[in-house]
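Per our numbering, the sequence shown starts with residue 162, numbered consecutively. I have placed the structure first, in the form of structure tokens, so that the comments after it can refer back to it.
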Amino acid sequence: MPALRLILLWHQHQPFYKDLVTGQYRMPWVRLHGLKDYYGMVKLLDEFPNVHQNFNLVPSLITQIQDYVAGTAQDPFLNVAAKPAKDLTQKERQFALQYLFQANHANVIGRYPRYGELLERFREHGYSAGKAEKYFETQHFTDLQVLSQIAWFDEFFLEEKDIATLIKKERNYSLDDQTFVIARERELLGKVLPAYADAAKKGSIEISATPFYHPILPLVCDTNAGGVSSPGLPLPQNRFRHPEDAREQLVRALDLHQEVFGVRPQGMWPSEGSVSEETLAIAHSLGIKWMATDEGVLGRSTGVSFHRDGNGRLPGHMAERLYNIHRYENGPTAMHMVFRDHTISDLIGFVYSGMDPREAAGHLLRNIKDAAHPVLAQGRDAVVSVILDGENAWEYYPKSGREFLRRFYDALQREGGLEAVTVSEAIARHRDFSPLKSLVPGSWIHANFNVWIGAPEDNRAWDYLYHAREFYTQNAARASQAQRKLAFEEILIAEGSDWNWWYGPEHHSANDRDFDELYRKHLSNVYQALGATPPDYLAQPITAGEVRPDFTPQTQYIHPRVTGDKIRYFEWMGAAIFTADQRAGAMHGKQFILDSVYAGINSVFVYGRLDFAGAVPDMAFDLVVNLESWVAGEAHPRRTLRLDAKVEERKLTGWKVEGLEESESDSSSIGEEIAKAVLGRNFEFRLPLSWLLALPAASSPMAAEHKTGAVAVATTNRLRLRFSLWQNRLPVDALPVEGWIELELVSEAELASGM
């Protein structure tokens, strides 16, 4: 009887936020996620002893948790949360307003009515700390300080009697309450690492590692790997090539894991799933037995594109390729490899949070079984790998997704013929490994490294790292041992992937400036540690000399939730992006209201998102989205639609779509399952693709999907969109100012391949 084995791997990671020279933490996310997610994710498995899992713990995260537990972490965010509200300076009050609301508005803040009230007060003043500060009284700040911490406590911690009592109080917290919460944080953080060690000792989990400071290891070995993965990609002026640093990052990771957990890791999920043949050789030499990455890397390495049908299923021969354990052998290097199912993994990260937990758990189990069916039907064991971030997704689930996880784990235990196993258990039980003779370098994102190299900002960051590394090589011998140690540590930190994640056009957040400053500070510390003055260019933001490119085309199908309440980077990853060029206009006093727009399709819907340059304008205005569908060779659009949304007092008062036939207009009565538009911190919409393809109105999204697949390629082959803001019937701002955002109507595989 063939077996279905499920590998669930949760990747737990945070960047290294600590400045080694000042000792200060620039961001609070290690502490907050340590309180909320890391403990509960592994503790939950006590209830399901037959569900074995894998946790990939990044060493730089581990050392920062240890710093907090030891009481040596200097965290200005914690200091502001702990200081009596009456003693806060004006600067500290504004700091509190700027950072203590950085959480999911619906599921983290909205869970606590008083916290939600305070957020609304902040919103009324345009989310401006400078404007809002004078409207917050001392009691407001005390309540904010207490609730902004409790909101990040894990579900298990919230059940403790003293914390539950504090939550029931709801408002008007005292200084004693505040002191209690801050003191409890350190105690709770102290439970995190022992919980993983205990679970590993019992055999319910396998702990894997990532290179110490989470570098993109193939690029640390050789930045030219970026050009191998993406031929023609612009590369840094200076080739960074330090495989010895890559080896050091791995050695330190393995040593720390053995010290903390008592076991040396057998495998790893390399940073961002980034692999190359050179990195596999280094890992093999250090005793690593298995590595995991994305199905896209397997596809490029074997010449197989994993095309799924309308139900998201792979044909039999593709399923047999993906749902297996591979054995890479090249010369002396040997490595077992598993490849994540991209689609199923993303369902957990981006889709199930919006579903009923029972339905989501059932849907996930069915998807796993259906995916493996073609392999099992051939009498062969199937291994399905589901690998994803183990922390950030849970902000989007009610109560950290615990009901969903409990229902899913319970279903796994009850399902005959399905084994939830660690990677090492799967390897030990597997009989028929698939040989793999070569490996194309790539990551889990499009099977390349373009997020971290190639854009002007990315390449400048690599060049700055190159110069700092060369300075170390040339001057370290003249420095003391302590100076050399500090300087080299800063280099290893700067090799981490997280800095370049925020450079370039792909990702932006409210903390872009913080990441940029911290990266340049790490590089500056290299020179200072060796007794030299850092180069002047490290005093200037890396982003200052570049404006984000006007347009980035769509590279993959997108499936974002349409909420408008918070930007979700992963959900919009792959969308087309158009960014306002504010250089010339700013010199002439132009008021920029619109900052950037995103657009993309999948097989059913077309999506759009508009980000404002600041807060939503406090005036009555219309947002207009013009949409056109075109057929190659025709002089006029096949179909034209106009979405008109009316806004008053920063709220969406109504919206409509003009250009529909009467029968299509009737389909809108189906409600938000078909078409949707919302305004929160940004404006987002979703429309059926069939409306633009001149198809009969679909009775359901699945019907639209079926018809779209038949018509899109044969007739309509591109869509165009333009966003504009109108006031008093006059255009105030638009993106693009000239021209359109264009989307190609092709399959997801063709988008990913750049065809």
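Cβ coordinates follow ideal geometry from the N, Cα and C atoms, glycine included. None of the values given here were measured: they were computed from a predicted structure.
query                                                                                                                                                                                         : result
Which runs of the alpha helix (DSSP H) at least 4 residues long sit entirely within the segment 412 to 463? Give them in chain order.                                                         : 438 to 446, 456 to 463
By DSSP's criteria, residue 603 is part of a beta bridge. Which residues make up the other side?                                                                                              : 436
Please report the residue range of the alpha helix (DSSP H) in which residue 666 lies.                                                                                                        : First-last for residue 666: undefined, no H or E at that position.
Give the range of the beta strand (DSSP E) segment to which residue 370 is assigned.                                                                                                          : 366 to 370
Does the distance from the C-beta atom of residue 497 to that of residue 588 stay below 8 Å?                                                                                                  : yes
To the nearest angstrom, how far is it from the Cα of residue 846 to the Cα of residue 801?                                                                                                   : 17 Å
Which class does residue 801 belong to by DSSP, given the choice of helix, strand or coil?                                                                                                    : strand
Could you check if residue 658 is buried or exposed, using at least 16 other CB atoms within 10 Å of its CB as the buried criterion?                                                          : buried
Tell me residue 755's beta-bridge partners as DSSP assigns them.                                                                                                                              : 773
Taking 8 Å as the cut-off, does the segment 446 to 457 touch the segment 388 to 404 (at least 3 CB pairs, one atom from each stretch)?                                                        : no
Under 8 Å, with one C-beta from each stretch per pair, do the segment 214 to 232 and the segment 403 to 418 reach the 3-pair mark?                                                            : yes
Near residue 632, what residues of its chain come up, given a Cβ to Cβ distance below 8 Å and the 5 sequence neighbours on each side ignored?                                                 : 687, 688, 691, 693
Three or more C-beta pairs closer than 8 Å, one from the segment 174 to 187 and one from the segment 672 to 680: is that the case here?                                                       : yes
Out of 255, 247, 192, which one is the CA nearest neighbour of residue 231?                                                                                                                   : 192
Grab the span of the beta strand (DSSP E) containing residue 543 for me, first residue to last.                                                                                               : 543 to 550
Is the segment 556 to 567 in contact with the segment 595 to 606, if contact means three or more CB pairs nearer than 8 Å?                                                                    : no
Considering only residues of the same chain and omitting the five flanking positions on each side of residue 521, which have a CB-CB separation below 7 Å?                                    : 513, 565
Buried or exposed, going by whether 16 or more other CB atoms sit within 10 Å of the CB of residue 575?                                                                                       : exposed
Straight-line CA distance for residue 780 to residue 272?                                                                                                                                     : 30 Å
How big is the Cα-Cα spacing for residue 123 and residue 315?                                                                                                                                 : No answer is possible for residue 123: it lies beyond the span of the chain, which begins at 162 and ends at 916.
Quick check: the segment 537 to 550 against the segment 484 to 491, are there 3 or more CB pairs under 8 Å?                                                                                   : yes
Out of 173, 528, 343, state which residue places its alpha-carbon closest to the alpha-carbon of residue 472.                                                                                 : 528
Counting pairs of beta carbons, one from the segment 394 to 414 and one from the segment 620 to 628, are three or more of them closer than 8 Å?                                               : yes
Grouping DSSP H, G and I as helix and E and B as strand, with all else coil, what is residue 177?                                                                                             : coil
Checking the sheet assignment: what are the DSSP bridge partners for residue 302?                                                                                                             : DSSP output for residue 302 lists no bridge partner at all.
DSSP on residue 791, reduced to helix/strand/coil?                                                                                                                                            : strand
Given a cut-off of 8 Å, decide if residue 838 and residue 813 are closer than it, judged by their beta-carbon atoms.                                                                          : yes
By a C-beta neighbour count over all protein chains shown, 10 Å radius and 16 as the cutoff for buried, is residue 336 buried or exposed?                                                     : exposed
Among 268, 299, 300, 259, which residue has its Cα nearest to the Cα of residue 284?                                                                                                          : 259
Going by C-alpha to C-alpha distance, which of 803, 808, 405, 303 sits closest to residue 822?                                                                                                : 803
Determine the extent of the beta strand (DSSP E) in which residue 902 is found, giving its start and end residues.                                                                            : 902 to 905
For the segment 181 to 201 against the segment 569 to 585, do three or more pairs of beta-carbon atoms, one drawn from each stretch, fall closer than 8 Å, so that the two count as touching? : no
What are the residues that DSSP puts in a beta bridge with residue 633?                                                                                                                       : For residue 633, which the question treats as bridged, DSSP gives no partner whatsoever.
Can you grab the Cα-Cα spacing for the pair residue 507 / residue 169, in whole Å?                                                                                                            : 13 Å
When you compare each of 460, 459, 441 to residue 451 by their alpha carbons, which one comes out closest?                                                                                    : 441
Threshold first: 3 residues or longer. Then list the beta strand (DSSP E) segments lying entirely within the segment 315 to 397, N to C.                                                      : 366 to 370
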